[in-house]
Amino acid sequence: MKRIAVLTGGGDAPGLNAVIRAVVKTAVNVYGCDVLGVRNGYDGFLAPDGIMPLDLGAVRGILPRGGTILGTANRGNPFARKTMRAGQEFVEDISDEIIAAIWTLALDALIVIGGDGTLRIAMELGEKGMPVIGVPKTIDNDVGGTETAFGFDTALMIATEAFDRLHTTAEAHHRVMVLELMGRDAGFIALHAGVAGGADVILIPEIPFRNESIVKKIRKRVEHGSHFSLVSVSEGAKPQGGQPVYSRGGDQVYVPRLGGISQKVGEYIEGQGFETRVTVLGHLQRGGSPTAFDRWLATRYGAAAVRAAAAGHFGQMVSLQNGRVVDVPLAEALAVPKRVDTNGDAVWTARSMGIAFGDE
Ligand code: F6P
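Per the working numbering, the sequence shown starts with residue 403, numbered consecutively.
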């Protein structure tokens with residue numbers, strides 16, 4: 403193995419730089435191999451200055467840094483690139499251009515750090531013969547085939563701290579505090595932070611809710627002398643028989659943007675006579691320094707990805723299974739997206755704490 407490349411794709415997550423650092427250190431220290439960085443996701447292969455050399459100096463000091471030194475993009479699938487020409491939308495497959503670039507660079511392996519979408523592109527490149535290795539990244543924790551991706555723990559810590567802060571002001575003013583958290587299709591952040599932060603109601607995409615049920619819980623708390631409540635809401639939560647709320651529609655470049663469900667829930671609660679405030683935590687969950695757990699996991703994933711590349715385990719994704727980092731086929735990991743098990747231990751635990759999911 404003489405030369406490998408690494409790219410980061412999709413929304414950023416705390417720990418991306420820790421993976422890049424571990425890839426470079428392992429490649430150089432263990433295998434004496436050169437590393438190239440691809441800027442801004444797959445787009446870097448086609449951009450004039452899209453490739454940068456990564457030596458030990460380039461990754462010095464980046465372990466605790468949020469973001470990614472390579473840049474990222476959560477649009478631009480090379481298998482279905484959308485472009486507008488003369489006011490008309492065209493979808494083109496430009497994957498062969500990426501493949502040509504990989505050949506030109508004489509890469510022995512391409513390490514792709516990303517979530518569901520970015521890893522799916524990697525898998526498809528792998529099916530066309532490219533030597534790809536995946537590393538699961540997501541704050542939403544929705545990538546299958548692994549117990550967890552890096553980034554989730556940090557987002558969870560930020561969300562839990564937000565609940566701790568909302569708790570004191572909610573209690574002081576006898577208010578209901580609604581906190582909207584990220585989680586497009588999977589409610590792990592809202593569920594785990596809700597439990598860790600003492601929420602009274604948790605609304606997640608996997609369990610459609612009824613407004614009446616939320617208010618029933620808040621009213622019951624008041625009857626028992628608790629004149630404040632905390633409501634944890636995934637951005638992708640939806641009412642029974644209804645749809646998620648979007649703040650912006652999709653277009654030729656961007657996917658539709660979720661946002662606004664907490665405002666609707668808050669308005670309903672206030673309409674029932676409970677003073678309510680709404681907070682949207684947004685990208686605070688994605689920015690900043692990773693937790694020790696995420697740095698540890700990201701470092702293990704980065705090192706393991708290079709080990710897998712050296713062993714020729716292409717088309718695989720590094721994954722955490724029973725505390726060990728192992729390789730699983732990308733196809734297997736992506737076959738079933740990870741969602742909250744509505745009959746599983748986590749939801750059962752939350753219900754045992756008296757937390758309502760709005761379906762009672
Ligand atoms: O996939 C991670 C995520 O944080 C989702 O929960 C959220 O819907 C999305 O990213 C928002 O991404 P962006 O604002 O970068 O488009």
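Beta carbons are placed, not taken as given, at the ideal position from N, Cα and C, and that holds for glycine.
If the five residues before and after residue 555 are omitted, its C-beta is found closer than 6 Å to the C-beta atoms of 693, 695 and 696, all from its own chain and listed in chain order. Look at residue 634 here: in three-state DSSP terms it is strand. CA-CA distance, residue 516 to residue 539, rounds to 5 Å. Distances from the alpha-carbon of residue 597 to those of 475, 629, 729 and 755 put 755 closest.
Less than 8 Å divides the Cβ of residue 704 from the Cβ of residue 420. Around the CB of residue 574, fewer than 16 other CB atoms lie within 10 Å, so the residue is classed as exposed. The three-state reading of DSSP puts residue 525 in helix, counting H, G and I together. Scanning the region 507-551 from its first residue to its last, the whole alpha helix (DSSP H) runs of 4-plus residues come out as 518-529.
Bridge partners of residue 642 according to DSSP: none are assigned. Closest in C-alpha terms to residue 405, from the list 602, 528, 717 and 428, comes 428. If you look at residue 713, you'll find it isn't in any alpha helix (DSSP H); DSSP assigns it neither H nor E. If the five residues before and after residue 612 are omitted, its C-beta is found closer than 8 Å to the C-beta atoms of 641, 642, 760 and 761, all from its own chain and listed in chain order.
If you draw a straight line from the Cα of residue 409 to the Cα of residue 559, it is about 26 Å long. Judged by their CB atoms, residue 603 and residue 631 are nearer to each other than the 8 Å cut-off. In the DSSP assignment, no residue is bridged to residue 470. The beta carbon of residue 417 sits closer than 6 Å to the beta carbons of 552, 553, 692, 696 and 700 from its chain, once the five residues preceding and following it are set aside; these are given in chain order.
Between residue 444 and residue 480, the C-beta gap is smaller than 8 Å, which places the two residues in contact. The secondary-structure analysis by DSSP pairs residue 648 across a beta bridge with 660. Beta-carbon to beta-carbon, residue 592 and residue 649 are separated by about 17 Å, too far to satisfy the 8 Å threshold. For residue 603, the secondary structure class from DSSP, reduced to helix, strand or coil, is strand. By the criterion of at least three beta-carbon pairs nearer than 8 Å, the region 671-680 is in contact with the region 577-587. Selection 546, 645, 752 and 534 evaluated against residue 741 yields 546 as nearest (Cα-Cα). Note on residue 525: 16 or more other CB atoms within 10 angstroms of its CB, so buried under the neighbour-count rule. The straight-line gap separating the alpha-carbon atoms of residue 442 and residue 503 is approximately 15 Å. Distances from the CA of residue 713 to each of 729, 621, 685 and 673 were compared; the closest alpha carbon is that of 729.
The beta carbon of residue 418 sits no closer than 7 Å to any heavy atom of the ligand F6P. Apart from sequence neighbours up to five positions away, the residues of its chain that approach residue 617 with a beta-carbon distance below 7 Å are 671 and 674, ordered along the chain. Counting along the chain, the unbroken beta strand (DSSP E) around residue 439 starts and ends at 436-440.
For the pair residue 595 and residue 565, the CB atoms are nearer than the 8 Å cut-off. Looking at the DSSP output, residue 747 sits in no beta bridge, so it has no partner there.
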